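In my numbering, the protein residues as written are 41 to 194.
Please read the structure below before turning to the comments.
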Ligand SMILES: [Fe+2]
C-alpha cells in the first residue's frame, strides 16, 4: 500500500504566476492531492493568496488551518474556516486572500499535457483536451439514481 508523508516530499511554489502558495504534491494517474500553505504572510496575514485566475481542472479546497476569503469572478467574498470544503469548477475565475495565515488540502484532476504547476499546455494538448470536453455527454454526468449524489450538496 503506497503511503506518503508530506514532510518527505519536495516543497514547491504552487502556480507561482498568480499565487504565493508553497506546497507539496502527491500525483496519481488522474488526481493530484496537494498540501499548500502561504509563506511570508504580512504580519496580520492579510492580502496574501492567489490573484484572479482559472484552470481547466476542477479543484477542491479543504481548509485545514487559519482562515481565508474566496470568491468566484466578481462575486461576493466568502470566508473559509478549518474544515470547510470549497469547490471550484473548471474554467471558473476565482481568487483567494488570507485573513490570517492558512493551510489547505487541494485536490485537482490531472489533464494530459496541462501543467498544474504553471497551467501551461504541452503542444497539441489543449486541442486534444477540447475534443474530450466536446465529446462529453452532459446527460450522463452523474448516475441520476445514485443516492450519494442526491445527498452530496451539489
Ligand atoms: Fe485555482
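Think of the CB as a built atom: it goes at the ideal place given N, C-alpha and C, for glycine as much as any other residue.
Just so it is clear, the structure is predicted and the values come from calculations on it, not from any experiment.
Distance, residue j Cα to residue i Cα
i, j, result
"residue 64", "residue 128", "20 Å"
"residue 126", "residue 74", "14 Å"
"residue 56", "residue 152", "20 Å"
"residue 154", "residue 186", "31 Å"
"residue 159", "residue 140", "27 Å"
"residue 76", "residue 147", "11 Å"
"residue 47", "residue 89", "22 Å"
"residue 142", "residue 132", "22 Å"
Classification of residue i by the beta-carbon crowding that lies within 10 angstroms, buried from 16 upward
i, result
"residue 44", "exposed"
"residue 67", "exposed"
"residue 175", "exposed"
"residue 171", "exposed"
"residue 173", "exposed"
Counterpart residues of residue i in DSSP-defined beta bridges
i, result
"residue 128", "99"
"residue 156", "For residue 156, which the question treats as bridged, DSSP gives no partner whatsoever."
Residue i: CB within 8 Å of a non-hydrogen atom of ligand 3
i, result
"residue 145", "No copy of ligand 3 occurs in the structure displayed; its ligands are ligand 1 alone."
### At least three beta-carbon pairs within less than 8 Å, the stretch 177-189 to the stretch 110-126
Two segments are said to touch when three or more pairs of C-beta atoms, one from each, lie closer than 8 Å; by this definition the stretch 177-189 does not touch the stretch 110-126.
### Task
Evaluate the contact criterion for the stretch 48-63 versus the stretch 116-123: three or more CB pairs, one atom per stretch, below 8 Å.
no
### Stretch pair the stretch 98-105 + the stretch 162-172: three plus CB contacts closer than 8 Å
no
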